[in-house]
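A.B. asks: Dumping the structure here so I can ask a few things about it.
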RNA sequence: AUAGCAGACUUAUCUUAUCGACUUGUUUUGCAAGUAGGAAAGUCCGGACACCAAAGAGUACGCAUAGCGGAUAACAUCCGUCCAACGUGAGUUGAGGACCAGUGCAACAGAAAGAAUGUACAGUUAGGCUGUAGUGAAACCAGGUAAACUCUAUGCGGUGCAAUGCCAUGUAUAUUAGAGCUUAAGAGUUACUCGCUCGAUUCUAAAGGGUAGGCAGAUAGAUUCUAAGAGUAAUUUUAGAACUAGAUAAAUGAUAAGACUAGACAGAAUUCGGCUUAUUAGUCUGCUUUUUCU
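Residue numbers (our numbering): -5 to 123.
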């Protein structure tokens, strides 16, 4: 699998984002938090993702940009965890809830944990249904 | 040489490898090219541009600016110059229009700083008036103060690209236009005057509203550099040359290794000229003080 992250794979629609925050469930692996929702979206990929960093925790735009780039990079290199295990289309948003910047290696491991948690959660919900 | 003053300029880590993002071009899932700032920041001034008769006209109020002259699209910016204060000096700073329009205010001293008339002495006919002394920067037809009200001169409508225009999708009446009927007093804006706008119901016609879906606006411009001319200068005229970040839940990156003087402040969002603030490493020019030598 190619580790790309194109426009189609990113969450763009304001309407979908609004629905996501209203109806979505969430999983946590500090300093990351994911809100997800099973729904149709605008592309053929298994999932669309977005990234957010609160202005409250990082006042400077430079720091927010840096963290968003790190998160995107971690997701890009591990997205097969998600893509290989989903039957239905999902959208999700990954937020950074820490107050300080983490190193890349540590963040990479946390991302792996977060994505695994997400997959387990999805399977659990499907089993219940 | 030392201490200092003023001004100008450069830089804003680099190289290689792997994996990616956005735009454009090829053309096909590849390839090529380009891809943050000097402050992109604060949003403090001034414009361009767009829309809004609830936008206009006059008065009042309010706000801003304030020696003089000039530059500019414009400015609270910039240049020149006078004056004042500070500094040995180079220079720095300036809330530097007007108290013969009115009102107010004034430490200490002093009887009193203006609805006052004291004390002592002298002059004069008593009352009273006049003069002198004493305090103070200033003692009555006087002066100071406008970072006091005020006056003068000049300028000022509002909202900001989520402006605005077009297309698509699409549901139901909250929209618009015209006509008929009833009412003509009232309401709205900016304090007032003028102006302007506004009702309920019926019928007819049209396509609005919402969804922030797409395209345009939106990246070449009061641009930068060089030369010559004008000007003390800011700046300007002419000629030549150069320059494409353009995203929109928002690209311009991540990791590894190496190098050096060991990398600061910090991320475009319609756009331009300034100001202010943050900050890395350095270079150059002019000048001043003190000391030494010729």
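All C-beta atoms in this analysis are idealised placements derived from N, C-alpha and C, irrespective of residue type, glycine included.
1) Could you tell me whether the Cβ atoms of residue 88 and residue 45 are closer together than 8 Å?
2) Counting beta carbon pairs with one atom in the segment 93 to 104 and one in the segment 30 to 40, are three or more of them shorter than 8 Å?
3) For residue 50, which three-state DSSP category applies?
4) List the endpoints of the continuous alpha helix (DSSP H) containing residue 10.
5) Can you check whether the CB of residue 113 is closer than 8 Å to the CB of residue 75?
6) From the DSSP secondary-structure annotation, give me the bridge partner or partners of residue 27.
7) Considering only the beta carbon of each residue, do residue 107 and residue 41 sit closer than 8 Å?
8) Determine, using beta carbons only, whether residue 105 and residue 68 come nearer to each other than 8 Å.
C.D. replies: Checking against the coordinates, here is how it stands:
1) yes
2) no
3) coil
4) 8 to 17
5) yes
6) 22 and 89
7) no
8) yes
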